[in-house]
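Structure record follows, encoded as structure tokens.
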Amino acid sequence: MFRLLSAPRLIVLAFAGVIAVGTFLLKLPASSQGLSWLDAFFISVSAVCVTGLSPVEISTTFTPLGQGVLAGLVQAGGLGIMTAATVGALLIRRRLGFRYLLTVREELGSPAAPRNVLRLIGQVALVTVVVELVGGILLAARFAAEGISVVKALGYGMFHAVTAFCNAGFTNLQSGLYPYDGDWLITLVFAYLIVAGGLGFPVLVNLYNYRQSRHLTLFSKLVLITTAVLLVFGVLSFAALEWTNPDTIGDDTLNTKVTKSIFQGVTPRTAGFQTVDYAVLREPTLAVQAALMFTGTAPISTGGGIKVTTLALAFLILLSQVRGEEEVSAFGRRVPRKLISEALVLLFLATNLVAGASIALMISDNLPLLPAMFEVTSAFGTVGLSMNVTPELSNFGKILTAVVMFLGRVGTVTLVVALAERTKPRRYTYPEEDIAIG
6 MFRLLSAPRL IVLAFAGVIA VGTFLLKLPA SSQGLSWLDA FFISVSAVCV
56 TGLSPVEIST TFTPLGQGVL AGLVQAGGLG IMTAATVGAL LIRRRLGFRY
106 LLTVREELGS PAAPRNVLRL IGQVALVTVV VELVGGILLA ARFAAEGISV
156 VKALGYGMFH AVTAFCNAGF TNLQSGLYPY DGDWLITLVF AYLIVAGGLG
206 FPVLVNLYNY RQSRHLTLFS KLVLITTAVL LVFGVLSFAA LEWTNPDTIG
256 DDTLNTKVTK SIFQGVTPRT AGFQTVDYAV LREPTLAVQA ALMFTGTAPI
306 STGGGIKVTT LALAFLILLS QVRGEEEVSA FGRRVPRKLI SEALVLLFLA
356 TNLVAGASIA LMISDNLPLL PAMFEVTSAF GTVGLSMNVT PELSNFGKIL
406 TAVVMFLGRV GTVTLVVALA ERTKPRRYTY PEEDIAIG
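Our numbering numbers the first residue of the sequence shown as 6 and each following residue consecutively.
Here you go:
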């Protein structure tokens, strides 16, 4: 049966399968207390799709075992189901088939030959372990400094290291991260983990090998530059728009204003952690944050959204049109027309998905435009930020949001390809005719 499935379909089924298993594990009495099947399903989707939206309080609803299961689902979803399964198979020395390696290669988006996919996965696993371990130890040391036992501090540290690197906004602290809004160590460690996870595994591996190769791919250059621009824009826009808002940072000290601005400028990159209440943010700030969530992170990363390369390609297309050039290029390299078409299709599908789901949520849950749009955009971008709407969602609203999270993580293009029937290529072309534009 599985031999007849294409790689995109197999990836979609793998994500769906892990969500189903996660729902069952989270519902177990040993994992949670008073959790409905619908909420267990919603949180499982949110974890595997590395979002962070939750209708319940994580620290009080889940036992230590349940929190461990939650972190495991986040890790599997962040690494990618096929990639995580391959790492596990390597650990038990299982032989992997050629078709399986092709499937993993497609999920990673790697042009590497199948025989080199195992090496790439090994590098991905190494980078993940190192980044999360460093972040977890630093966070554990900070929590331990408050008098928390070493075991609990390590638990808190590693849980947040996994969820931050995988860009899932879950926290198992009862008061969340609000008490650390002026803490530089917490702010910088979370920023380090979120940005590292959002850069994407090809970029991290490219940077890891840079000392030997002294070469950055066009993909890495576009991701790094676009990410840097969006990070600076996110931080500065939050500070400028909220500087005088007494409900957020207006009455804080200069130190806290800066740390909150940095934290909330980074977290819309599909992470979903917060040190301010999003229900009291000004509308222009929410609009900017929604745009950042919609953009998301890099492809083949732990985040969602339309991806920074889609935004970069849209800008390059505009630049080429302004210059009167027929080809889209950057850094001395020409971008294939196929990629330009895929970027425009993705942008079209994502925009319509967010718009349609927002309207549906407005109707089903009687929500105003901004809260509904913000919730849906957060779900599509697999972010986890909310204007306190998630706990109040109706059953239909939860199912709709879960579907949007799934589409945002698996990818609209991948899902369309996975569901589409195979078609034979057309062996002829039609005559060309111009149409008016604009």
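Every residue gets a Cβ at the ideal spot worked out from N, C-alpha and C, and that includes glycine.
Where residue i falls: helix, strand or coil (DSSP)
| i | result |
| --- | --- |
| PHE67 | strand |
| ALA335 | strand |
| ASN37 | One detail in the question is off: residue 37 reads as Ser in this sequence, not Asn. In the structure shown, SER37 sits in a strand (DSSP, three-state: E or B). |
| TYR161 | helix |
| MET392 | coil |
| THR315 | helix |
| GLU380 | helix |
| TRP248 | coil |
| GLN179 | coil |
| ALA201 | helix |
| ASP257 | coil |
| PRO436 | coil |
| ILE267 | helix |
| ALA493 | What the structure shows of the chain is the stretch from 6 to 443, and residue 493 is not part of that stretch, so it cannot be assessed. |
| LEU424 | For LEU424, the predicted structure reports a pLDDT of 48, less than 50, and the residue's modelled location is therefore unreliable. The matter cannot be settled from this model. |
| THR133 | helix |
| ASP44 | helix |
| THR406 | helix |
| VAL139 | helix |
| ILE345 | helix |
| THR231 | helix |
| ARG274 | coil |
Buried versus exposed, by CB contacts within 10 Å (16 or more), residue i
| i | result |
| --- | --- |
| LEU70 | exposed |
| ARG339 | exposed |
| VAL167 | buried |
| SER242 | buried |
| TYR3 | The structure shown does not extend to residue 3, since the chain spans only 6 to 443, so no value can be given for it. |
| SER399 | exposed |
| ASN393 | exposed |
| LYS157 | exposed |
| ARG427 | Because ARG427 sits at a pLDDT of 49, beneath the cut-off of 50, its placement in the model cannot be relied upon, and the following sentence gives the value as read from the coordinates. So ARG427 ends up on the exposed side. |
| THR315 | buried |
| ALA295 | buried |
| SER225 | buried |
| PRO304 | buried |
| SER36 | buried |
| TYR185 | buried |
| GLN217 | exposed |
| THR395 | buried |
| ASP439 | exposed |
| PHE29 | exposed |
| ILE368 | exposed |
| PHE233 | A quick correction: the sequence has Ala, not Phe, at residue 233. Exposed. |
| PRO341 | exposed |
| LEU190 | exposed |
| PHE47 | buried |
C-alpha gap between residue i and residue j, whole angstroms
| i | j | result |
| --- | --- | --- |
| ALA319 | LEU58 | 29 angstroms |
| THR307 | VAL281 | 24 angstroms |
| PRO60 | LYS403 | 9 angstroms |
| ARG219 | LYS343 | 28 angstroms |
| VAL350 | ASP256 | 45 angstroms |
| GLY205 | LEU31 | 28 angstroms |
| PHE379 | VAL313 | 19 angstroms |
| ASP188 | ILE442 | 52 angstroms |
| THR1 | GLY203 | Residue 1 lies beyond the residue range present for the chain, which begins at 6 and ends at 443; the question has no answer from this structure. |
| GLY162 | ILE142 | 6 angstroms |
| GLN38 | VAL79 | 20 angstroms |
| VAL333 | TRP42 | 49 angstroms |
| LEU358 | PHE195 | 30 angstroms |
| LEU291 | TYR283 | 8 angstroms |
| LEU405 | GLU397 | 14 angstroms |
| PHE20 | PHE164 | 21 angstroms |
| ILE311 | SER325 | 21 angstroms |
Cβ-Cβ separation, residue j to residue i (assumed contact under 8 angstroms), whole Å
| i | j | result |
| --- | --- | --- |
| ALA355 | PHE385 | 7 angstroms |
| ALA335 | LEU221 | Not confirmed; about 12 angstroms, so no contact. |
| VAL381 | ALA407 | With a Cβ gap of about 12 angstroms, VAL381 and ALA407 do not count as contacting. |
| ALA145 | LEU159 | 5 angstroms |
| THR387 | GLY309 | 3 angstroms |
| LEU390 | GLY277 | 5 angstroms |
| LEU297 | LEU235 | 6 angstroms |
| LEU366 | LEU375 | So it is not a contact: roughly 12 angstroms between Cβ atoms. |
| VAL200 | VAL263 | Between VAL263 and VAL200 the Cβ distance is about 17 angstroms, and since that is not below 8 angstroms, they are no contact. |
| PHE67 | THR192 | In fact, because the Cβ distance is near 26 angstroms, the residues do not count as touching under 8 angstroms. |
Min CB distance residue i to chain B below 9 angstroms
| i | result |
| --- | --- |
| VAL293 | Although the question refers to chain B, the structure presented lacks it and comprises just one protein chain. |
*Determine, using beta-carbon pairs with one atom in the segment 201-221 and one in the segment 178-193, whether at least three such pairs fall under 8 angstroms.*
no
*When the Cβ atoms of the segment 402-415 are set against those of the segment 50-66, are three or more pairs found closer than 8 angstroms?*
yes
*Report yes or no: do the segment 129-136 and the segment 225-241 share at least 3 C-beta pairs separated by less than 8 angstroms?*
In the pairwise beta carbon analysis, the segment 129-136 is classified as not touching the segment 225-241: fewer than three pairs are separated by under 8 angstroms.
*Between the segment 134-141 and the segment 152-171, do at least 3 Cβ pairs fall closer than 8 angstroms?*
In short, these stretches touch, since the Cβ pair count reaches three.
*Would you check if there are 3 or more beta carbon pairs closer than 8 angstroms linking the segment 245-264 to the segment 286-302?*
yes
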